[in-house]
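Report on the structure given below.
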Amino acid sequence: MLVDSGSGISKTNREILFQELEQISAEDSYSGFDNQGNTQDKQTAKTVLGLGLAPTARIVHNMHEQLSVKPEEGKGSQTKVINDYT
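Numbers given in the working numbering equal positions in the sequence shown, counted from 1, plus 236.
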């Protein structure tokens, strides 16, 4: 199982997880200090280009296994390769 603690994936972007070379927008939130030393929360938008999970899904499928992805926005994702060996 692979677990990450990134920004997760929104419900609207979950549909494109398994498409090739997708570009999505993501927001990062962080706390910082201004010039007077006061704390302030900031959000920045960024665009991310990735391969998606399409190549991984093909490899897993060719091995007669299953790929399980459970993204949670703001918390990260869990990705598992499930085999049917019993």
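Heads up, the beta-carbon is just placed ideally off N, CA and C, and yes, glycines get one too. All values reported here derive from a predicted model rather than from experimental measurement.
Under the criterion of beta carbons closer than 8 Å, Pro291 and Ile245 do not qualify as touching, at roughly 17 Å.
The Cβ-Cβ distance between Met237 and Gln314 falls below 8 Å. A check of alpha carbon separations from Gly288 across His297, Asp240, Phe269 and Arg250 identifies Arg250 as the nearest. Going by DSSP, Thr315 is part of the beta strand (DSSP E) stretching over Gly312 to Ile318.
By the neighbour-count criterion, in which a residue is buried when 16 or more other Cβ atoms sit within 10 angstroms of its Cβ, Leu257 is exposed.
Secondary structure at Glu251: helix, using DSSP grouped into helix, strand and coil.
Cβ-Cβ separation between Asp240 and Gly312: approximately 5 Å, consistent with a contact (criterion under 8 Å). Within the DSSP secondary-structure output, Asp240 pairs in a beta bridge with Ser313. By the criterion of a C-beta distance shorter than 7 Å, Ile318 is surrounded in its chain by Glu301, Gln302 and Ser304, once the five residues flanking it on both sides are discounted.
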